[in-house]
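Visitor: Residue numbers (my numbering): 1 to 115.
Cβ atoms here follow ideal geometry from the backbone N, Cα and C, with glycine treated the same way.
Quick one: structure below, then a few questions.
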């Protein structure tokens, strides 16, 4: 019933508060209730969408969804050590890129926002 409301209409955004409220407390409660109802509605919508997606994937692509126990990783294998080295190399690349981007961003120092 509340699917026509905006996602970001939270309390304080003017979402659902009555214009002729007798006190600010009353209007705040109404706005909070409207926000809570919108949130619950959105959660239900997401769950239904996820269920439909799973059913469609099952029908179209014959995919299955089930919880399976994860096998323990064998750490003494050549494949494991190669994957670990590749992961560490990639992590170093990401950290280096993040570090250089941070240095570039912070180079000019902080500036005040003016209009």
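Please confirm whether residue 54 and residue 61 have their CB atoms less than 7 Å apart.
Guide: Result no, Cβ atoms of residue 54 and residue 61 do not sit closer than 7 Å.
Visitor: Check whether the Cβ atoms of residue 57 and residue 63 sit closer than 7 Å, and answer yes or no.
Guide: It is a contact, given that the beta carbons lie within the stated cut-off.
Visitor: Assign residue 20 to one of three DSSP states: helix, strand, or coil.
Guide: Reliability fails at residue 20, whose pLDDT of 46 lies under 50, so the model's placement of it is uncertain and the value that follows must be treated cautiously. Three-state DSSP puts residue 20 in coil, outside helix and strand.
Visitor: Just verifying my parser: in three-state terms, what is the DSSP assignment at residue 63?
Guide: Three-state result, residue 63: coil.
Visitor: Helix, strand or coil for residue 32? Go by DSSP, reduced to three states.
Guide: It is helical.
Visitor: For residue 38, is the beta carbon positioned less than 6 Å from some heavy atom of the ligand ZN?
Guide: The model depicted lacks the ligand ZN and carries no ligand whatsoever.
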